[in-house]
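Following: one structure in C-alpha cells, then a few remarks.
Numbering (full-length UniProt numbering), first residue to last: 1 to 1094.
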C-alpha cells in the first residue's frame, strides 16, 4: 500500500472529531439559529488509529465482487453525551407536542444514536425524513451528520443535493463533503468543492485542507493549496505537513518539494520521518531513504525517533530498489529487524519475504516465510512472485496449492498463479493448468468483473505460445485497461506476430488511451524485428511528445531499434541524450557498433568508457566487445580482455568461451583456440564446434576443419545447417571442388541436403568452384528457396558470364513473389556489366528506389561504374561519379582506374586522378601502383610507367605475386610466372613449347601490348609465354585425362593468356575453366563464355 493511503486514513481520522473548532470547542446550531458551545473530547493517538493497517504493503483485493470499499466511520457518541449533559439544551431545542413521553433532547439523542453508524442508503433516507418530521431540518449539526450518513452509504448525489439546499454551512459541512468524494474515489469533485469553498470566502479548516491535499492530482493545484495553508493558521501544523509530504512525493512525484516540506517542519514526529522515507523508497531513491533514517537517529533531530514497523517496511522497500547493493542491504536490514524485535511482525515479515524473493534470495525468503506465525495472501504472493521471477513456476504453483486452504486467497494470488503456469518447463502442461484457472474464473464470474484476471490470462497464454487463446480472451473482455492492451501487444511481439502487434498498438491509440512505457517498448521491438524504421521513428516521436523517452527502458528499446535497423548514428544520438543508463544501455550500443565493420573501434572505446565510469561488466558486455575485437584482429587487445574476464571469474561460461574461440580464430591465434576448445570438453555445444571449424578455416587449415567435421560425425555429434554452411563457404573461397563435394555427401548423410541454409551454401559453393551446371541443377531441386538461394544463383550466373540467364532468373524471382534485397541487385548489375547491357543496367538501378524502396549502396554505384567502364563510356563515368549522393570510396576509384587500364591509353588523366585519390586513401596498397603502371603501359607511355614503378619502390610497398594453382589427386600444385621449381618442370616446359607451336600454327599471334615492360618484341613474347596460368595448363595436359581443366588465379587473367587459352581448348579438345580475381572463364572449342567482354 502506498503511504498516501496511510495519510488518507490519517486525514479521515481527523473527521472523527470533525466538529472540533478553534480553542477546542464545538458549536451546535439549532433551528432558531442560536448556539451552544461544549468542550470536545481528546483525539485518540495516531498509532491507535492505524493499528489495523500497514502503510507499506498493498491492501489485498477481495475476490467477492459484491464487497465494496466503505468510508471510514465517524463516531458521534461522545458529542451526544456532551450535548445531553448540557444545561442549556432545553433553550436551544424546540418542544415536540406530538411526542408526549419524550423530551426534545430525547428525540435528538435517539436520532443520533440510531443513525450514527448508518451506511445503508435506505436508513439514510429514513434519517432524512425524521429530521424533517421533527423539525430539525435547519439544525446544522444533524445536517452535517446526515451528509456523513449519505457519504457512508455511497449516495453522493443525495449528499450533494442536501449540501446545496442547506441555508447555512460551516467548515465541517465542506470538509465532510470533500471527505466523501475522496473516499468514493472522486478526486476531481473533491477539489471542485474545495475551490468553491474558497471562492465563497469560507476559510478552510485543517480537515478541509487535508481532504483537498488527499484529492489533489496535479502539481499546480497542489502548490496552490499549499500556498493557502502557508497563509492560514495551519502553516506549522505537523499533520498537514505530513500530508503535504505524501502528496508531493507519492501522488505528484515531486520529491524535491516533499523534502523541502519535511525540512521546514519545526517539530517533526515519527509520521513525518516515515512519510519522507516512504516517498524516497517508493520512488527508488534508496540512498536518500537510508540517509534520512540515519540522520533521524542521530542527536539533534528534535525528538526521540524510534523506528517502528512502518519505518522498517519502507526501508525494506527502498532496499528492493537498490539494484546493485539491494541484496546486501536487505541482509543488513534483516539483522537490524531481528535486533529491534520486529521480525515476528506480520507486515515486516511479509516485506522481507517480498524483498528477498525479488532479488532471487529464495532461501532467505522461504526461511522467513516459514518462521512467520501468521501468514496471509500478501506474504504468500511475495514468495510466489520471487519463485516466478526465478522461473520456478512449478514450485510457485505448489506453494499456492499448499496454502490455499489456510489463507484468504485474493485476486493477486490468481494472477500470480497464472504467471507461474507461464514459467512451466513444459509449456503444454502450464497451458493446460492455466486453462483450468480460466474455467474457474468463468464459472465464478471473475473473468467478467475483474480485468486483472483477463490480463493474467492473456499473459499466460502468450508466454505458453497459445497466442490465439490470448487473442480470444482479449476480444471477449468487457473492460480493457492499459495493462490489457500492453499484455496483448507484448504477447503478439513475443510470438513473432510483429505486424499484428503494431496494429494492436495503433488500435489502442484510436481508443484514446495514452501509450505507456510498456506499450512503447513492445511496439518498438516489433518495428525492429520488421526492420520498420519509419514506423519506429513515428512511435519514437510519440514517445517524445509524451515524455517517455526519458524512461530508461524505452530508451533501451530505441537503442535496439536503431541498432537492428543499421542506423548507428541515431543509436549513438539516443544514447548521448539519455539521462539515465543501465547495463542494457551500454551493452546495446556496444553490440550495435561491434556488428558493423566501420564502427568496431568505437565499440571498443565505449567499452573502455563503461569500465572507467565504474559500471559492472557482465557476460553480454564481454561477448559484445570480443565481437568488436575479433573484427579488428588485434591479438594483444584480445588477450587483455581475456585477462579481465579471468578477473571477473566468468570464463567458465559456454557463451563466453564460444566468443573467445571466435575472437582468437579471427586474430589468427589458433593455438589459443585449440586450448580453449580442449578445456571445454563437457561444455561444447553446436556454437563451440562451429567456432572451432571457422577458426581453422579463417587460418586456412581446411584439412583440419574437414577432419573436425568427420570427427563430429563419427562420434554422433549433431551437425547443424550453419556448420555445413561454414565449411562450404570455406571450400568456395579456395575453389576446392573435391572437398566441397565431400561436405555435400556429409550433408546428405545428416539429412540436411535440402535445408534452405545448406542448399543456398551448396549453390554458392558449386558456382564458385566452377560447376555452374551443378549449381543450377541443385537450385532447381531445392524444395524451398529464400532470398539467399536466389542471390547465390543469380551471382553465380553473373560470375560465369551467363548474364542473360541471371536476368531471366531475376525475372522468375519477382514472379515468385520473392522480394529482392541489396545483394540481389549487386548480382543483377554485375550480370549487366559482364554482358555489356548498359541501358538495362540503368533501368534495374533505378528500380531499386522507385519500385523496391532500396537505397543504393556504394557497391551498387561501383557496379554501375564498372558497367560504364567495360562498355568504354569513360565520359559517362565522370558525370555519374559527380552526381553520386555519396562520396566515392576506394572501390569506386579502383574500378575507374581499372576501366582506364582497358582503354588503351585513352583517358589517362581520369586514371591519374583516380590513382591520386587511391594513394591518398591507401598509400600502402601495391594494387593501386600496379594498376597505374598498367594503364601507362597499355598506352605505350613507358616513361610514365617507369615513374609509377619508381613511386611504388619509394613507398616501400610490394606487389602481390601473380600465381595460379590446380588441384589434382596428389594435391594442390601452385605456379608463378617463369616458375622452374616444380619437380616436373622439364615435362611442363616441353609441353608448353609444344603448345606454343601448335597454337601459332592454328593462328595465334602473341599480344605483346600486355607485356608491361619496354622490351624488344621477341623478349615480350617470351615473357608472355611463361605466365603462371600457361604453366598450369601445360602441367595438367601432361597427365592423361579427359576431364575439364580447372585453374584458379589470384589476379586478373591478361589478354594474351585469354587469347592463348581459346586456341589451347581447341587444339587439345579439352574444356578449360579458369577463375581469376573477377570472374569465371569457360574456354570450349576456341571460344570463351565471356564473349571477349571482360
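Beta carbons are placed, not taken as given, at the ideal position from N, Cα and C, and that holds for glycine.
Beta-carbon separation (whole angstroms), residue i vs residue j, contact threshold 8 Å
i, j, result
"residue 852", "residue 819", "7 Å"
"residue 856", "residue 845", "7 Å"
"residue 870", "residue 833", "6 Å"
"residue 548", "residue 517", "5 Å"
"residue 212", "residue 171", "The Cβ separation is near 12 Å, so there is no contact."
"residue 355", "residue 319", "6 Å"
"residue 792", "residue 830", "Going by Cβ atoms, the distance from residue 792 to residue 830 rounds to 13 Å, so no, they are not a contact pair."
"residue 147", "residue 132", "15 Å between Cβ atoms; not a contact."
"residue 992", "residue 1034", "4 Å"
"residue 365", "residue 357", "4 Å"
Contact under 8 Å by Cβ, residue i with residue j
i, j, result
"residue 492", "residue 504", "yes"
"residue 977", "residue 962", "yes"
"residue 999", "residue 1067", "yes"
"residue 787", "residue 755", "no"
"residue 202", "residue 166", "no"
"residue 627", "residue 595", "yes"
"residue 176", "residue 151", "yes"
"residue 1080", "residue 1061", "no"
"residue 782", "residue 746", "no"
"residue 795", "residue 779", "no"
"residue 423", "residue 391", "yes"
"residue 413", "residue 380", "yes"
"residue 397", "residue 425", "no"
"residue 1006", "residue 994", "no"
"residue 837", "residue 803", "yes"
In DSSP terms, what residue i is bridged to
i, result
"residue 973", "966"
"residue 1048", "965, 1075"
"residue 1082", "1073"
"residue 464", "The partner list for residue 464 (beta bridge, DSSP) is empty, contrary to what the question assumes."
"residue 731", "Partner(s): none; residue 731 has no beta bridge."
"residue 254", "The partner list for residue 254 (beta bridge, DSSP) is empty, contrary to what the question assumes."
"residue 1088", "1083"
Residues near residue i by beta carbon distance below 6 Å, same chain, minus five either side
i, result
"residue 848", "825, 854, 856"
"residue 400", "417"
"residue 215", "182, 187, 190, 191"
"residue 101", "Here residue 101 scores only 48 on pLDDT, less than 50, and its place in the model is too uncertain to base an answer on."
"residue 490", "522"
Beta-carbon contacts of residue i that lie in its chain and below 7 Å, excluding the five residues immediately before and after
i, result
"residue 327", "359, 361"
"residue 455", "483, 484, 487"
"residue 452", "411, 415"
"residue 48", "Caution is warranted here: a pLDDT of 31 is assigned to residue 48, below 50, making its placement in the model unreliable, and no coordinate value can be reported."
"residue 22", "In this predicted model, residue 22 has a pLDDT of only 32, less than 50, meaning its place in the structure is not dependable enough to derive any value."
Nearest residue (CA-CA) to residue i, options the options
i, options, result
"residue 910", "633, 873, 249, 923", "873"
"residue 865", "1053, 891, 840, 640", "891"
"residue 313", "912, 279, 906", "279"
"residue 1042", "1065, 1031, 1053, 1021", "1065"
"residue 1036", "966, 990, 1022", "966"
"residue 727", "708, 531, 715", "708"
"residue 1095", "817, 784, 772", "With the chain covering only 1 through 1094, there is no way to say anything about residue 1095."
"residue 584", "1021, 218, 555", "555"
"residue 428", "464, 410, 436, 402", "464"
"residue 394", "363, 434, 375, 645", "434"
"residue 904", "450, 937, 601, 497", "937"
"residue 561", "522, 338, 193, 528", "528"
"residue 649", "625, 618, 678, 640", "618"
Own chain partners of residue i with C-beta closer than 8 Å, once the 5 adjacent residues on each side are dropped
i, result
"residue 206", "14, 234, 237, 239, 240"
"residue 676", "657, 660, 661, 664"
"residue 725", "757, 758, 760, 761"
"residue 228", "198, 204, 209"
Residue i beta carbon near the ligand FAD (any heavy atom closer than 7 Å)
i, result
"residue 561", "Within the structure as shown, the ligand FAD is missing, as the structure has no ligands at all."
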